[in-house]
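Q:
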Amino acid sequence: EKKKQQILVGFAAESRDIGHHALEKLKRKNLDFIAANDISDGKVFSKETNSVVLYGKNAEKTVFGELSKEETAHRLLDEVVK
8 EKKKQQILVG FAAESRDIGH HALEKLKRKN LDFIAANDIS DGKVFSKETN SVVLYGKNAE
68 KTVFGELSKE ETAHRLLDEV VK
């Protein structure tokens, strides 16, 4: 059960139809946000950088370009707590 002050964030590593699958998961799991990334090339796990799209439950979409994984985490946190 979600608490009043709680913000739920999920993560979706998808290889196709990234936006569709991420939004479906966001709704199914009753999340406030979901961070999705494309793993179709298989290299994302061994790379130092990442490219992520953050979706909100009100159809907001924030695209993060190729950033270090640490910078991606900081930017995701900044967006979620706005």
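FYI, the numbering for the sequence shown is 8 to 89, going by the numbering used here. Where a beta carbon is used, it is the ideal one built from N, C-alpha and C, also for glycine.
#1: Would Ala-66 be called buried (16 or more neighbouring beta carbons within 10 Å of its own) or exposed?
#2: Please work out which residues of its chain come closer than 8 Å, Cβ to Cβ, to Ile-46, disregarding the five sequence neighbours upstream and downstream, and give them in chain order.
#3: In this structure, does DSSP put Gly-72 in helix, strand or coil?
#4: Which of helix, strand or coil does DSSP assign to Val-59?
#5: Applying the criterion that 16 or more other CB atoms from any shown protein chain within 10 Å of the CB defines a buried residue, is Ile-14 buried or exposed?
A: For this structure:
#1: Numbered from 1 along the sequence shown, position 59 holds the residue referred to as residue 66. Result: exposed.
#2: Position 39 of the sequence shown, counting from 1, holds the residue named residue 46. Correct list, in chain order: Ala-20, Glu-21, Ser-22 and Phe-52.
#3: Here residue 72 refers to the residue found at position 65 when the sequence shown is read from its first residue. If DSSP states are grouped into helix, strand and coil, Gly-72 belongs with the strands.
#4: Start at 1 with the first residue of the sequence shown, and residue 59 comes out as number 52. Per DSSP, reduced to three states, the secondary structure at Val-59 is strand.
#5: Along the sequence shown, one-based indexing puts residue 14 at 7. Exposed: under 16 other Cβ atoms inside 10 Å.
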